[in-house]
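Going down the list, the protein sequences come from chains A and B.
If you're matching positions, the first sequence starts at 1 in this note's numbering and goes up one per residue.
If you're matching positions, the second sequence starts at 1 in this note's numbering and goes up one per residue.
Cβ atoms here follow ideal geometry from the backbone N, Cα and C, with glycine treated the same way.
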Amino acid sequence: MIEIVKNTKIKFLSARKFAYIFSICLVSLGLFAIYRISAGKANMGLDFTGGISLQIKFSEHVTTDKIRAVMDKLGYNASLQKVGVETENIYLIRAMLKDSSTAGSEEITKALKKELNDENLEILEENVIGPVVSAQLKQKALYAVFFAAIGILVYIWIRFQFKFAVAATIATIHDVLTILGIMVLLGKEVDILMITALMTIAGYSLTDMVVVFDRIRENMRNILKEPFESIINRSINEVLGRTINTSLTTILVSVSLYLFGGDVLHNFALAITLGIIVGTYSSWFVASAIIFDWDNYEKKRKLAAGANVR
Amino acid sequence: MRNRVQIVVFITLALFIFSVWQLWPPFDVKDSTGNVIQKGKIKLGLDLQGGMYLKMEVDAKSLPPNVKLEEAVSRALEILRNRIDALGVAEPIIQREGDRFIVVQLPGIKDTERALNVIGKTAMLEFKLVDENTKISDITDNEGNTIASKMPEDVYVLKNKEGERMVLSKKQTVTGADLVDAKVQIGDYGAPIVWFKLSPEGGRKFAEITGDNVGRRLAIILDDTIYSAPVIKTRISGGEGIIEGNFTIDEAKDLALVLRAGALPAPVNIINKNVIGPSLGADSISKGKKAIIIGALLAVLYMAFYYRVSGLIADFALIFNLLFVLGIMCALNATLTLPGIAGLTLTLGMAVDANVLIFERIREELRTGKTIRAAIDAGYNRAIWTIIDSHVTSLITAAILFQFGTGPVRGFAVTLFWGLVVSLYTAFFITQAVFEMRKQYTSLSI
């Protein structure tokens with residue numbers, strides 16, 4: 001029998017002061033990201049901003065300046081980015097639409113073919129999103145996040161006591177905000193796929209908490225003599241092997257997505273990988289700590305109330 | 001219990017055969033020259049096979065007042081279907097979305113420019129008499145804009161292809177609705193022209209109008225652009241005519257095509273266009289395959305290394321998992337997208353979780369000194385609710401992503417959802433059945 005962890009007795013709750021401070025930093029990062037998104041300062045994806053995105057493979061070497069000159073002449077303030085291998089002349093061209101029509105991309109490809117003398121350039125991908133669609137996508141993304149939150153909350157509140165449900169909710173929000181914060185800080189694009197990753201992280205980090213909570217609940221029933229603190233610590237330790245193994249295997253697959261899945265899945269896989277790590281951290285140090293401190297607070301109040309009566 | 005094992009083996013075998021039958025061959029089978037001899041069973045999304053996605057909005061403001069939006073959108077759908085059929089695209093998807101949106105997906109299309117021309121054109125054909133009594137200079141200002149106060153009530157102004165303006169009588173004559181056929185012909189000077197034939201009713205109207213207006217000019221208008229305005233030399237009976245306009249042969253062909261398919265009841269605006277080139281799609285498939293194979297391999301090796309024989313049982317279940325999910329997706333005709341591949345890969349991690357929970361629990365029970373039989377029973381009984389709880393939260397996420405997601409994200413939701421469902425099945429039935437048989441062992445490799 002191979003065991004990563006054997007009869008551990010780590011006192012997770014003792015570290016909760018540090019964990020709180022660390023987590024407040026992480027959450028602030030996420031709140032800052034939300035501020036940047038709402039102020040329009042974050043790197044938002046085409047899905048939400050609308051506009052033109054063209055990924056073009058030129059047949060010969062071409063400089064950014066030349067492409068920019070063509071775009072300027074057409075009146076687009078374009079952002080250019082070379083993508084892929086150095087020897088391939090692949091560029092990602094991004095620009096806002098001039099008006100609400102989506103005809104702009106044809107104009108651009110025509111001009112590029114003519115001005116750069118490259119009739120055989122290959123359009124790898126062309127994406128044009130008008131304002132109506134970007135508004136719809138924004139609304140759908142908000143709805144999705146909202147309903148997912150409601151759905152998960154309802155389930156957690158049915159299955160667990162109030163305290164556990166609240167702690168799980170806070171920890172999940174903590175995880176999602178942390179990842180959003182890191183991604184925005186790294187300048188990664190916030191698009192539909194990123195929102196999808198965040199929702200997946202929410203589902204996943206709850207999985208981790210559910211496992212720990214289930215064990216706490218079971219131990220509370222079976223071991224009556226121990227103080228709550230040691231029951232929580234014992235429970236986390238008991239499921240430690242499972243948490244580490246599952247997180248490891250899931251990280252193995254998400255890292256392989258990150259390394260081999262191609263550009264489209266890059267940010268998605270990065271978010272998921274970090275999400276698993278943060279989710280594991282929060283199930284150990286945040287969710288249970290909240291339950292413990294809440295319980296403590298209640299007990300103290302009861303004691304104080306009792307003392308007053310006497 | 002023996003009975004139960006038999007049932008599980010039977011169901012699993014049936015599912016296995018069903019999945020393979022649904023799935024084989026998963027991808028297109030090509031002969032040495034690259035022609036597809038047998039189509040692959042996995043339905044690939046546009047992001048994987050290349051193609052064009054269009055979302056269009058029916059311009060509700062341009063609808064005639066007596067036409068309801070609902071009818072107009074249905075009619076537009078029908079006409080678009082006719083036009084796309086005529087283009088010869090394999091397996092197009094043409095769907096209505098919301099009250100006034102139409103989504104068109106054309107997998108594998110190469111000539112997107114042509115497709116756009118055919119799909120986006122309103123193809124409203126009209127014939128209007130040119131009003132020679134009103135001079136264009138009298139009713140326009142220096143900048144060429146019409147002055148409303150000077151406009152006679154029964155005329156309006158349109159441009160021809162060269163941008164020249166003409167004054168036309170508003171009087172309704174024959175329209176494209178009266179047209180029954182259109183073909184490309186080669187005109188007198190070797191240039192392609194479009195020949196059309198009107199219905200008997202339309203032909204009578206046309207004869208009447210031309211008969212009454214010999215010597216005047218009749219403008220042939222397509223989508224508010226004057227293509228030509230020949231002088232009527234004689235009464236035209238027989239209901240045939242031609243449209244000239246310096247067409248290339250392809251332009252003429254496409255014009256004939258859209259005229260045959262009919263005009264859209266209102267203009268459509270393309271509000272979202274996504275074209276994925278075939279090479280990018282192929283690249284995504286090969287990368288996705290690589291990622292999922294390496295990811296699965298790592299997970300399988302880890303499990304076998306850590307849990308030994310039990311790990312191998314879980315690995316066996318994992319491979320079934322992958323097969324079942326793909327089989328179910330083929331049976332439901334669900335689309336596999338690149339995020340879908342990511343979802344498939346991730347569910348492998350989650351499927352492992354169910355088994356890890358059970359194994360860890362069995363190990364714990366063994367440590368307390370229980371017999372193998374008792375430990376396996378207790379492990380399954382205690383882990384069951386944890387596994388259900390932990391799967392349900394992700395299932396909720398997947399269901400909501402499916403509801404609100406579009407295209408690629410939907411693909412992710414589908415694989416995530418079925419991956420989780422199948423993972424519940426494999427953990428509770430397949431691996432349990434195997435453990436049921438291992439109960440009589442004297443030592444357990446776990």
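Residues in its own chain within less than 7 Å of residue i by CB, not counting five upstream and five downstream?
| i | result |
| --- | --- |
| Val180(B) | Lys197, Leu198, Ser199 |
| Gly261(A) | Ala269 |
| Leu338(B) | Asp47, Leu48, Ser284, Gly288, Pro408 |
| Lys113(A) | Glu119, Leu121 |
| Thr175(B) | Leu125, Glu126 |
| Lys66(A) | Leu116 |
| Asp141(B) | Ile147 |
| Ile32(A) | A small correction: the amino acid at residue 32(A) is Phe; Ile does not occupy that position in the sequence shown. For Phe32(A), where only same-chain residues beyond five positions count, the Cβ hits under 7 Å are Gly181. |
| Tyr204(A) | Gly275, Ile276, Gly279 |
| Gly238(B) | Gly203 |
| Asn333(B) | Lys43 |
So what's residue i in DSSP terms, helix, strand or just coil?
| i | result |
| --- | --- |
| Val286(A) | coil |
| Glu298(A) | helix |
| Asp181(B) | strand |
| Thr217(B) | Here residue 217(B) turns out to be Arg, not Thr, going by the sequence shown. Three-state DSSP puts Arg217(B) in a strand. |
| Trp24(B) | coil |
| Val85(A) | coil |
| Phe58(A) | strand |
| Tyr441(B) | coil |
| Gln38(B) | strand |
| Ile127(A) | A small fix is needed here, since residue 127(A) is Asn in this sequence, not Ile. Looking at Asn127(A) - three-state DSSP - the assignment turns out to be strand. |
| Arg100(B) | coil |
| Ile236(B) | coil |
| Gly279(A) | helix |
| Ala269(A) | helix |
| Lys160(A) | Note on identity: in this sequence residue 160(A) is Phe, with Lys being the wrong assignment. Residue state, collapsed to three classes: coil. |
| Phe457(B) | The displayed coordinates of chain B run from 1 to 446. Any statement about residue 457(B) would go beyond what the structure contains. |
| Asn117(A) | coil |
| Ala95(A) | strand |
| Val275(B) | strand |
| Leu87(B) | helix |
| Tyr53(B) | strand |
Among residues of its own chain, excluding the 5 on either side of residue i, which ones have a beta-carbon nearer than 8 Å to its beta-carbon?
| i | result |
| --- | --- |
| Met437(B) | Val5 |
| Leu395(B) | Phe417, Leu420, Val421 |
| Ala229(B) | Val130, Asn160, Met166, Arg217, Leu218, Ala219, Ile220 |
| Gly108(B) | Gln49, Gly50, Gly51, Val89, Ala90, Pro278 |
Alpha carbons only, please: which of the options is nearest the one belonging to residue i?
| i | options | result |
| --- | --- | --- |
| Gly419(B) | Phe428(B), Arg373(B), Gln440(B), Thr345(B) | Thr345(B) |
| Asn7(A) | Asn233(A), Gly40(A), Ala39(A), Ile272(A) | Asn233(A) |
| Ile430(B) | Val275(B), Ile294(B), Asn355(B) | Asn355(B) |
| Ser443(B) | Val352(B), Ser310(B), Asp141(B), Val20(B) | Ser310(B) |
| Lys121(B) | Ala266(B), Gly281(B), Ile362(B) | Ala266(B) |
| Gly362(B) | Arg159(A), Arg242(A), Lys140(A) | First, the residue type needs correcting, since residue 362(B) is Ile and not Gly in the sequence shown. Comparing Cα-Cα distances from Ile362(B) to each of Arg159(A), Arg242(A), Lys140(A), the minimum goes to Arg242(A). |
| Lys128(B) | Val157(B), Phe404(B), Tyr441(B) | Val157(B) |
| Ile319(B) | Ala334(B), Leu298(B), Asn333(B) | Leu298(B) |
| Val128(A) | Phe316(B), Ile276(B), Ile376(B), Leu87(B) | Ile276(B) |
| Ile327(A) | Leu54(A), Arg159(A), Ile158(A) | Here chain A comprises residues numbered 1 to 310, so residue 327(A) is not present and cannot be evaluated. |
| Ile270(B) | Phe146(A), Met44(A), Val132(A), Ile216(A) | Val132(A) |
| Trp24(B) | Met329(B), Trp385(B), Ala342(B), Gln403(B) | Met329(B) |
| Gln95(B) | Lys110(B), Glu78(B), Ala86(B), Leu87(B) | Glu78(B) |
| Asp315(B) | Ala296(B), Ala123(B), Gln38(B), Asn35(B) | Ala296(B) |
| Asn245(A) | Tyr189(B), Val352(B), Ile193(B), Gly190(B) | Val352(B) |
| Ile156(A) | Gln185(B), Ile400(B), Ile388(B), Ile313(B) | Ile388(B) |
| Glu106(A) | Asn89(A), Glu125(A), Lys41(A), Glu88(A) | Glu125(A) |
| Val286(A) | Ala148(A), Ala15(A), Ala95(A) | Ala15(A) |
Return the Cβ separation of residue i and residue j in integer angstroms, given the expectation that the two are a contact with Cβ distance under 8 Å.
| i | j | result |
| --- | --- | --- |
| Ile84(B) | Tyr307(B) | With a Cβ gap of about 53 Å, Ile84(B) and Tyr307(B) do not count as contacting. |
| Ile182(A) | Leu29(A) | 7 Å |
| Ile179(A) | Ile201(A) | 6 Å |
| Val176(A) | Val212(A) | Not confirmed; about 18 Å, so no contact. |
| Ile236(B) | Thr210(B) | 4 Å |
With a CB to CB cut of under 6 Å and the five nearest residues on each side skipped, what residues in its chain are close to residue i?
| i | result |
| --- | --- |
| Thr112(B) | Met52, Val275 |
| Thr64(A) | Leu80 |
**OP:** Please name the residues in the segment 274-286 of chain B whose beta-carbon is closer than 8 Å to at least one beta-carbon of chain A, in chain order.
**Re:** So the close ones are Asn274, Val275, Ile276, Gly277, Ser279, Leu280, Asp283, Ser284.
Original post:
What are the residues of the segment 121-148 of chain A that lie near chain B, defined by any Cβ-Cβ distance shorter than 7 Å?
Top reply: So the close ones are Glu122, Ile123, Leu124, Glu125, Glu126, Asn127, Val128, Ile129, Gly130, Val132, Val133, Lys140, Tyr143, Ala144, Phe147, Ala148.
**OP:** Could you list the residues in the segment 180-202 of chain A with a C-beta less than 7 Å from some C-beta on chain B, going in chain order?
**Re:** Listed by position, the residues of the segment 180-202 of chain A near chain B (Cβ gap below 7 Å) are Ile192, Leu193, Thr196, Met199, Thr200, Ala202.
**OP:** Using a Cβ-Cβ cut-off of less than 9 Å, give me the residues of the segment 246-265 of chain B that come near chain A, in sequence order.
**Re:** Under the 9 Å Cβ criterion, the segment 246-265 of chain B contributes no residue.
Original post:
Which of the residues in the segment 368-385 of chain B, read from start to end, lie with their CB under 8 Å from any CB of chain A?
Top reply: Look at the segment 368-385 of chain B: the residues with a C-beta under 8 Å from a C-beta of chain A are Arg382, Trp385.
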